[in-house]
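Mapping of the sequence shown onto our numbering: position 43 corresponds to residue 34, and the numbering continues sequentially without gaps. Beta carbons: idealized from backbone N, C-alpha and C, even for Gly.
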Amino acid sequence: MALEKPQWKELFTEVVTSGLCTGCAACVVACPHDVLDYESTGGVYKPWHLDIDGGREDCTHGVKGCTMCTRACPRFRNWESEIDQHRFARERTEDEVFGIGDVLLARSTDVSLVENGQDGGFVTTLLVYALENDVIDAALVSALEGDGTTWRAQPRVARTRQDVLETAKSRYTYSANLLAYPQAVETGAERIALVGMGCMASAPGAMQTRKAGKIARRLSLTVGLLCSKTFDDAIFEELFESQYGLSRANIVKMNIKGVFQIWTRDGGYHEVPLKEAHAYTREGCTSCPDFAAEHADLSAGGIGAFNDWTLVIVRTDLGRDLMTTLKEKGLIETRPGDDDPGAVALLHKLAQVSRKRWPATATPGPRRLPVRGS
Ligand SMILES: Cc1cc2nc3c(=O)[nH]c(=O)nc-3n(C[C@H](O)[C@H](O)[C@H](O)COP(=O)(O)OP(=O)(O)OC[C@H]3O[C@@H](n4cnc5c(N)ncnc54)[C@H](O)[C@@H]3O)c2cc1C
Ligand code: SF4
Ligand code: SF4
């Protein structure tokens, strides 16, 4: 019997059209034949296959043996335990509901980076250090288009401190940062950091586990962002503007801390209840089981009692080494996760909530461990 070589045909039925696809774009950037494109208009964030090469549902290169898209996809088949095994040399225990790693709190020692960042400016500090000290050549991050007044998030390559500062803070609409990968490579980057939520942060691990070639080697540092969901762009007009009179052009910063916090250019501060926002949840998030970016080197989030600190989960040896270096060089200060037991409890709770979203009809994956309280 011939060995199975899963290709686009299998990805299309098992992930893209089954409700598991997050729109992370890993398949698109890994495809060596450029026959995958990416839809990011009208609230759709999905890959699609060019008709000339096998039609929407099949791929002529796949028929001949190319399997790159399924190797790259962080939602294909037994992705979670495969990547756990590869990254951590073991599967997680029942207690490791937010993945393998140690929790601590971190904050930049540069006050301007804290003020410019979303929480403790930790991600900014890490990227600036890595770019300026020959750890990476480029980072795939998210920027706002144009002057920022449309609040449309888009993938961007950051190469300098200035690029990192300009792309700090969080946008709560989707930005498939991996799509900036070809641009980073065109300009000669060989060691590339990826910043992204769990859906994207599992992609480098999937590619490395399944030996997806150069892209797997180049994505050498993964910085994950904790994430419950992203929202459709329609939330700006239909909720913020029409219900609260907050036009997108007037918004300067947003955060989510139990409520949508919105700061405006006139110095105003507004809160929008999260329950009113749920109707705008992006489709790709509805089956996502990963709150804590479980396969990143370091995962960063804003939950907890201390607003200007970033909660960090240190997961890999690379992540541990970078934390040690940032601390030794006086670039960050840290405190133990135990300083904020409420944050750690919330981390457990939100991770459990996300895991329950993985459909029972899909491969056991995230549901193979009993979810406490279900
Ligand atoms: C969509 C989204 C949902 C989140 N949900 C939660 C949550 O539920 N709970 C929680 O604790 N934390 C959540 N976070 C993480 C939190 O908002 C901060 O990103 C994190 O605490 C790091 O803060 P910082 O000050 O260290 O980051 P900064 O130094 O400000 O750096 C932030 C980095 O995130 C990148 N980024 C911004 N927006 C996006 C985007 N839409 N897509 C991809 N990359 C982006 C930026 O380009 C930058 O590199 C979420 C983040 C995002 C983007
Ligand atoms: S989850 Fe990502 S890699 Fe998988 S099919 Fe969707 S866009 Fe492609
Ligand atoms: S919930 Fe967050 S991590 Fe999951 S698919 Fe949506 S954006 Fe990605």
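Check: Between the segment 32 to 48 and the segment 70 to 79, are three or more C-beta pairs nearer than 8 Å?; Outcome: no
Check: Indicate, with yes or no, if ligand 3 has a heavy atom lying under 7 Å from the CB of LYS220.; Outcome: yes
Check: Output the residue ranges of the beta strand (DSSP E) runs that lie fully inside the segment 181 to 260 and measure 3 residues or longer, sorted by chain position.; Outcome: 183 to 188, 210 to 216, 242 to 247 and 250 to 255
Check: Say yes only if the C-beta of VAL344 is nearer than 7 Å to one or more non-hydrogen atoms of ligand 2, and no if none qualify.; Outcome: no
Check: Can you tell me whether VAL94 is buried or exposed? The criterion is at least 16 other CB atoms within 10 Å of its CB, across all chains shown.; Outcome: buried
Check: Write down the C-beta distance between GLY189 and PHE282 rounded to the nearest angstrom, noting that I regard them as a contact closer than 8 Å.; Outcome: 7 Å
Check: Are the Cβ atoms of ILE74 and HIS286 separated by less than 8 Å?; Outcome: yes
Check: Kindly indicate which three-state DSSP category VAL35 falls into: helix, strand or coil?; Outcome: coil
Check: Any heavy atom of ligand 1 closer than 7 Å to the CB of TYR163?; Outcome: yes
Check: On a Cα-Cα basis, can you pick out the residue from ARG78, ALA336 and GLN252 that is closest to ALA192?; Outcome: ARG78
Check: Tell me, to the nearest whole angstrom, how far the beta carbon of ARG147 is from that of ALA180; I am working on the premise that it is less than 8 Å.; Outcome: 13 Å between Cβ atoms; not a contact.
Check: Taking only the alpha-carbon atoms, compute the straight-line gap between ARG273 and GLY34 and give it to the nearest angstrom.; Outcome: 7 Å
Check: Measure from the alpha carbon of PHE3 to the alpha carbon of each residue in VAL20, ASP42, GLU48 and GLY14, then state which is nearest.; Outcome: GLU48
Check: For ALA336, name the three-state secondary structure that DSSP assigns.; Outcome: helix
Check: Return yes when the Cβ of VAL119 is within less than 8 Å of the Cβ of VAL155, no when it is not.; Outcome: yes
Check: Would you please state the rounded distance, in angstroms, between the beta carbons of PHE297 and LEU96? I believe it to be under 8 Å.; Outcome: 6 Å
Check: Would you say ARG256 and TRP142 are within 8 Å of each other, going by their C-beta atoms?; Outcome: no
Check: Beta-carbon within less than 8 Å of THR354's beta-carbon, same chain only, minus the 5 sequence neighbours each way: which residues are those?; Outcome: ARG68 and ASN69
Check: Quick check: the segment 101 to 116 against the segment 156 to 167, are at least 3 beta-carbon pairs closer than 8 Å?; Outcome: yes
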